[in-house]
């Protein structure tokens, strides 16, 4: 941040009184501008023994496969965000079952929340952010062409738990240090 | 938002191409400024049969009791945020056990994540955001003087599950419509 979103004056990076971290501070209008992690909500959409994946039409990782997921918006819940993203990216209507996987990615300020969900009918179509959308059985999953570690892990957890006969909530930290 | 945090030009509220929501857009430097929900991470800090609460020294709800919790920062995980807030507000060192309660508050763009946690020793002290910090047994909880519905519900869930002998992850939407 260079300029105050409120008044347009130049901001300074400094530690406000009573705080212990540098913030973007505007000394003209006396405002502090916090930056916080963002939530990415998504689904594991299941139909019979298959999972619905989307091939990304956009950067990053264009051309790689992903579970439908995206940034949570204001004025919605995490479940609503997961359902909306599944509709937008995969043209699929789902009913969420439970929060299944939480991923913390502190190096990029992201928290993923992935819901197990059921397709209401086997109908789907690629949204504008997807090149292709397909149902995959476990042995068809394109493991080498998945877009993100969060998607690989979500699918690994899902198929393992399904084989074991019970689903357990997973919380995973994916910690990378920036160079 | 009135001004672009990047270049300082005036922003406009408009729907970017390929989007379906109004965003703060800067047509000078061609940037889109998204606003997203924020995560509040906190703990239910337990010592023997008691729970640690803090009396708020700051607005909103100054003078009311709360579980230690606060806005998650960049570069930390949800668990680290919950542990940090407990140290900052209650001077207490905890070990988290599991994510216990998730609250969506879409009308204010907040997602609460409350962890069950154990105090490592019965030592605590009020941080600068707390007027008082105390351990409460179930029958001592100041139910009429709790700061937020999320705190009341977290404690209700906790004592119910403790009585039942097993803790179940809870996801709750607290939906209010702004006037």
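Chains as they are written, first to last, in the working numbering: chain A, 1 to 179; chain B, 180 to 358.
No residue lacks a Cβ here, since even glycine has one placed at the ideal position from N, Cα and C.
Ranked by Cα distance from residue 285 (chain B), the options A:4, A:140, A:117 and A:80 are led by A:80. In the structure shown, residue 115 (chain A) falls within a strand segment according to DSSP collapsed to helix, strand and coil. Neighbours of residue 213 (chain B) in chain A, taken as residues whose beta carbon is under 9 Å from its own, are 38, 71 and 73 in chain order. Partner residues in the beta bridge of residue 24 (chain A), as assigned by DSSP, are A:13 and A:33. Under the 8 Å criterion on CB atoms, residue 222 (chain B) is classed as non-interfacial with respect to chain A. Taking the Cα of residue 171 (chain A) as reference, the smallest distance to any Cα among B:338, B:257 and B:327 is reached at B:257. When the beta-carbon positions are compared, residue 65 (chain A) and residue 139 (chain A) stay at least 8 Å from each other.
Rounded to whole angstroms, the separation of the alpha carbons of residue 204 (chain B) and residue 184 (chain B) is 11 Å. If only uninterrupted alpha helix (DSSP H) runs of at least 4 residues are considered, those enclosed by the region 50-127 of chain A are 78-90.
Judged by their CB atoms, residue 153 (chain A) and residue 51 (chain A) are not nearer to each other than the 8 Å cut-off. For residue 315 (chain B), the enclosing beta strand (DSSP E) stretches over residues 309-315. Any Cβ of chain B closer than 8 Å to the Cβ of residue 1 (chain A) would place that residue at the interface, and such an atom is present. Counting other Cβ atoms within 10 Å of its Cβ, residue 234 (chain B) reaches 16 or more and is therefore classed as buried.
Distance from the Cα of residue 67 (chain A) is smallest, within the candidate group A:3, A:115, A:168 and A:18, for A:115.
By alpha-carbon distance to residue 328 (chain B), the top candidate from B:180, B:353, B:300 and B:265 is B:353. Counting every other CB atom within 10 Å of its CB across the protein chains shown gives residue 108 (chain A) a total below 16, marking it as exposed. Collapsing the DSSP output to three states places residue 19 (chain A) in coil. Chain order gives the chain A residues near residue 278 (chain B) as 99, 102, 169 and 171, where near means a beta carbon separation below 9 Å. Of A:22, A:137, A:176 and A:177, the smallest CA-CA separation from residue 158 (chain A) is found for A:137. Close partners of residue 21 (chain A) in chain B (Cβ separation under 8 Å): 252. About 56 Å separates the CB atoms of residue 165 (chain A) and residue 181 (chain B); that is not less than 8 Å, and the two are not in contact. Among the residues facing chain A, residue 306 (chain B) is not included, as its CB has no counterpart in that chain under 8 Å away. Put simply, the CB of residue 85 (chain A) is far from chain B, with every gap to its CB atoms at 8 Å or more. Excluding residues up to 5 positions away in sequence, 290, 291, 292, 293, 348, 349, 350 and 351 lie with their Cβ nearer than 8 Å to the Cβ of residue 281 (chain B) in the same chain. In the structure shown, the three-state DSSP call for residue 159 (chain A) is helix. Residue 91 (chain A) sits away from residue 42 (chain A), with the two beta carbons spaced by 8 Å or more. The Cβ of residue 344 (chain B) sits no closer than 8 Å to any Cβ of chain A. The straight-line gap separating the alpha-carbon atoms of residue 72 (chain A) and residue 299 (chain B) is approximately 35 Å.
Residue pairing for residue 226 (chain B): DSSP places it in a beta bridge opposite B:229. For residue 172 (chain A), the uninterrupted beta strand (DSSP E) segment begins and ends at 170-173.
Scanning B:279, B:297, B:248 and B:254 for the CA closest to the CA of residue 272 (chain B) turns up B:297. Nearest neighbour of residue 30 (chain A) by Cα position, chosen from A:10, A:95 and A:129, turns out to be A:10. In this structure, residue 201 (chain B) keeps its C-beta atom at 8 Å or more from the C-beta atom of residue 207 (chain B). Residue contact with chain B for residue 111 (chain A): present (Cβ-Cβ distance below 8 Å to some residue of chain B).
Contact with chain A is absent for residue 245 (chain B), since none of that chain's Cβ atoms lies less than 8 Å from the residue's Cβ. The C-beta of residue 89 (chain A) comes no closer than 8 Å to any C-beta of chain B.
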